[in-house]
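Here the structure is laid out as structure tokens; the discussion comes afterwards.
Numbering (the numbering used here), first residue to last: 101 to 497.
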């Protein structure tokens with residue numbers, strides 16, 4: 101089997117300066133399960149140096165060809181004039197072109213599949229009519245901005261409304277422009293695939309679970325005397341509103357909870373909340389960066405995820421479940437992960453419900469350890485990257 105990937109970013113194991121490591125891990129799985137020969141054409145927007153690119157070529161046993169971005173895009177980025185995007189009909193990277201010599205080389209190599217990664221590049225499929233072409237979106241960006249416009253806290257200011265409305269219009273316009281009925285559009289979000297299909301009825305969409313990246317075996321047994329709670333990822337726009345509500349509730353419930361829990365923030369931006377919880381009487385620490393993320397993850401028992409906006413699959417949630425933590429989170433945090441509330445995870449709808457669960461866990465350890473065990477079992481089965489690779493590419497091999 102021969103496969104050609106066209107991508108904005110050069111694939112890396114741990115998504116260095118890019119949105120996702122999904123291409124790297126699906127390539128790894130495809131090399132093992134389908135014995136594929138793979139060429140990669142990358143715009144390298146994650147700015148990897150030549151030495152790192154050579155290392156990735158050796159790790160994946162692939163050949164990487166670098167593509168140039170339009171010079172005007174580089175100028176916009178260098179001069180910090182991103183506001184000029186308001187002059188564009190489509191999102192910025194939609195204007196990346198594929199040189200004719202590369203088109204000819206790809207056609208001449210006669211790949212079984214042409215795989216395009218990233219919604220902004222989906223229009224490049226027009227150069228390969230008659231070929232088996234898959235576009236991994238992997239999320240539907242227009243759905244993201246549609247959801248943002250429905251959030252009361254995200255639309256308080258006129259500037260926010262204008263920003264999200266314009267981005268929604270840009271992505272929806274682009275999706276309608278590039279969508280063809282002979283291309284498979286692959287999503288890691290069920291709602292993403294459904295929304296894209298609703299907007300583009302002629303589209304052939306495919307929802308597959310997000311592949312799992314890395315995990316290690318761990319005996320699931322909550323720590324004594326204090327259970328170890330973990331917040332992961334950057335304290336940013338995706339989780340800030342929900343995290344503030346959650347942590348304010350923890351702060352107010354300190355007398356009933358601090359004897360039972362020890363808290364860790366793993367990621368940047370949590371300094372303020374770590375200090376507030378320490379002042380409230382909790383044992384709490386902040387780790388901005390862990391060299392071995394999985395090892396640090398597995399030092400804990402429960403991961404809290406207060407994500408209240410987004411699309412697709414949340415990688416940090418998937419990592420937590422696979423590595424033996426009990427995951428407690430919002431419906432958006434658990435979206436598209438093969439787990440079920442109160443059987444393989446815990447989903448909360450408001451902070452009152454969450455605090456009630458946290459009060460119960462120290463007295464029902466066995467029950468919640470069993471939920472964590474079932475969650476890991478489900479994820480290791482349904483998010484297996486070899487399984488997903490075969491489902492995505494196997495039909496054309």
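Cβ atoms here follow ideal geometry from the backbone N, Cα and C, with glycine treated the same way. Only a predicted model underlies this, so the values are computations on that prediction, with no experimental measurement involved.
- The C-beta of residue 400 has 16 or more other C-beta atoms within 10 Å across all chains shown, which makes the residue buried.
- Annotated three-state conformation of residue 477 is helix, per DSSP.
- For residue 426 against residue 390, the beta-carbon gap comes to about 20 Å, at or over 8 Å, which does not count as contact.
- A direct Cα-to-Cα measurement between residue 404 and residue 211 gives close to 44 Å.
- With a threshold of 16 other beta carbon atoms within 10 Å, residue 234 meets it and is buried.
- In the DSSP assignment, the residues bridged to residue 215 are 105, 234.
- According to the DSSP assignment, residue 295 belongs to the alpha helix (DSSP H) that extends over 290-299.
- Pairing residue 238 with residue 162 gives a Cβ-Cβ distance that is not under 8 Å.
- Per the coordinates, the alpha-carbon of residue 398 lies some 43 Å from the alpha-carbon of residue 258.
- Unbroken beta strand (DSSP E) stretches of 3 residues or longer found wholly inside the stretch 394-462: 402-405, 426-429, given in chain order.
- For residue 131, no beta strand (DSSP E) encloses it; the enclosing alpha helix (DSSP H) starts and ends at 122-133.
- When C-alpha distances from residue 352 are compared across 494, 197, 382, the shortest belongs to 382.
- In the structure shown, residue 338 adopts helical secondary structure according to DSSP, grouped into three states.
- Per DSSP, the unbroken beta strand (DSSP E) holding residue 328 starts and ends at 327-332.
- Looking at the DSSP output, residue 138 shares a beta bridge with 103.
- Residue 295 and residue 236 have their C-alpha atoms roughly 15 Å apart.
- Residue pairing from DSSP places residue 304 in a beta bridge opposite 284.
- Here the alpha carbon of residue 205 sits roughly 20 Å from the alpha carbon of residue 153.
- Residue pairing for residue 166: DSSP places it in a beta bridge opposite 142.
- Classified as buried, residue 110 has 16 or more neighbouring CB atoms from the shown chains inside 10 Å of its CB.
- DSSP places residue 271 inside the alpha helix (DSSP H), whose first and last residues are 258-278.
- The beta carbon of residue 148 lies closer than 6 Å to those of 110 in the same chain, with the five residues before and after it left out.
- DSSP places residue 183 in the helix class (H, G or I) of the three-state scheme.
- About 6 Å separates the Cβ atoms of residue 438 and residue 309, confirming a contact at the 8 Å cut-off.
- For the pair residue 496 and residue 101, the Cα-to-Cα distance works out to about 8 Å.
- Taking C-beta atoms as the reference points, residue 249 and residue 264 count as a pair closer than 8 Å.
- The DSSP-derived three-state label of residue 385 is strand.
- Residue 361 carries a strand assignment under DSSP once its states are collapsed to helix, strand and coil.
- The way I'd put it, the stretch 121-133 does touch the stretch 300-315; three or more beta-carbon pairs between them come closer than 8 Å.
- Taking C-beta separations shorter than 6 Å and ignoring five residues to either side along the sequence, the partners of residue 416 in its chain run 332, 333, following chain order.
- Spatial neighbours of residue 299 in its own chain (CB-CB distance under 8 Å, excluding positions within 5 residues in sequence) are listed in chain order as 242, 272, 275, 276.
- In the three-state scheme derived from DSSP, where H, G and I count as helix and E and B as strand, residue 198 is classed as coil.
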